[in-house]
Amino acid sequence: MTTTALTTLVPPLKRVAIIGTAPTWKQCPFQDQTLEVWTLNDGYLLGVPRSDRHFDLHPFWQMYFRVPGERGSSGTNQPPQIPLGVYVRPEGHLQWLKTRPMPVYLRETTPEYPTGVTFPQQAVLEHFAKYWPHRLTRTGHVEQGPDYEVSTPSWMLMMAIVEGYREIHVYGIHLATQW
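Start counting the sequence shown at 30; every next residue gets the next number (the numbering used here).
Below is the structure:
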């Protein structure tokens, strides 16, 4: 069999890099054009060289928009008191999302986001239901239903698997939070 015949039988390897905001994001081989790059949230502030898809799956109504040079409520240089349970984004973040040339995955999209794509949450969950129909809940009980998908990187990873990516790189995802 010739090399040409082989390449028509074997589909190309689908490869993706999921890029977070922790310092290891810099280890991604961005120059490798065979590697699709997916970014998230406000990671663009880091100067990531390229992104083929962008994800912000947090509800807009739960976002706190940080003003450049924002000062604390007492007029000091202390950081502002940001309420628990909100997602901090830079001022202008929603406008940035509206102007992206690549697909922007959101919880729900509207016409004001021209490249916006509603994240296929239900389809992703249905795909994985056959593999793990039961979950261990936060209270330690085994039940049916989605109880584990709790971060944008986990959703991105699951979507990559559903879409048939066979090589998945993860850079800059350290997930250090208060919970």
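We put the CB at the ideal spot given by N, CA and C, even for glycine.
Treat the numbers as computed from the prediction; the structure is a model and nothing was measured.
- [ ] Return the chain-ordered list of same chain residues with a C-beta closer than 7 angstroms to the C-beta of Met-131, the five sequence neighbours on each side being excluded.
- [x] As a first step, residue 131 must be located in the sequence shown, where it is residue number 102. Here the set comprises Ser-80, Asp-81, Arg-82, His-83 and Thr-144.
TODO: Name, in chain order, the residues that DSSP records as bridge partners for Ala-46.
DONE: Position 17 of the sequence shown, counted from the start, is the residue given in the question as residue 46. In DSSP, Ala-46 forms a bridge with Val-66 and His-198.
- [ ] Evaluate the contact criterion for the stretch 190 to 207 versus the stretch 41 to 56: three or more CB pairs, one atom per stretch, below 8 angstroms.
- [x] Output reads yes: the stretch 41 to 56 touches the stretch 190 to 207.
- [ ] Work out the CA separation of Gln-110 and Ser-103 for me, nearest whole Å.
- [x] Within the sequence shown, residue 103 is the residue found at index 74, counting from 1. Within the sequence shown, residue 110 is the residue found at index 81, counting from 1. Model confidence at Ser-103 stands at a pLDDT of 47, short of 50, so the residue's coordinates are unreliable; what they give is reported in the following sentence. For Ser-103 and Gln-110, the distance between alpha carbons rounds to 10 angstroms.
Task: Whole-angstrom distance between Glu-172 and Thr-166, CA atom to CA atom - done: In the sequence shown, the residue the question calls residue 166 occupies position 137. In the sequence shown, the residue the question calls residue 172 occupies position 143. If you take the alpha carbons of Thr-166 and Glu-172, they lie about 7 angstroms apart.
Open item on the list: Rounded to the nearest angstrom, what separates Ile-190 and Gly-72 at their Cα positions?
Closed with: By 1-based counting over the sequence shown, the position of residue 190 is 161. By 1-based counting over the sequence shown, the position of residue 72 is 43. When rounded, the distance between both Cα atoms is 22 angstroms.
Open item on the list: Per the DSSP calculation, Thr-147 is bridged to which residue(s)?
Closed with: In the sequence shown, residue 147 corresponds to position 118, counting from 1. Answer is Leu-135, bridged to Thr-147.
TODO: Report back the beta-carbon spacing between Val-18 and Thr-139 to the nearest angstrom; my notes put them in contact at under 8 angstroms.
DONE: For residue 18 there is no data in the structure shown, the boundaries of the chain being 30 and 208.
Task: Val-45 versus Lys-55, Gln-62 and Val-39, residue with shortest Cα-Cα distance - done: As a first step, residue 45 must be located in the sequence shown, where it is residue number 16. Per the Cα distances, Gln-62.
Task: Minimum C-alpha distance to Gln-124 - residue among Tyr-142, Val-117 and Trp-184 - done: In the sequence shown, the residue the question calls residue 124 occupies position 95. Of the residues Tyr-142, Val-117 and Trp-184, the one whose Cα lies closest to the Cα of Gln-124 is Tyr-142.
TODO: Compute the Euclidean distance between the alpha carbons of Gln-60 and His-198, then round it to the nearest angstrom.
DONE: Taking the first residue of the sequence shown as position 1, residue 60 is located at position 31. Taking the first residue of the sequence shown as position 1, residue 198 is located at position 169. Near 14 angstroms, if we compare the C-alpha coordinates of His-198 and Gln-60.
Task: According to DSSP, residues forming a beta bridge with Met-92 - done: Residue mapping note: residue 92 aligns to position 63 of the sequence shown, counting from 1. Paired residues: Tyr-116.
Open item on the list: So if DSSP puts Phe-84 in a beta bridge, which residue, or which two residues, is it bridged to?
Closed with: Residue numbering aside, residue 84 sits at position 55 when the sequence shown is read from its first letter. Answer by DSSP bridge pairing, in chain order: Leu-69 and Tyr-134.
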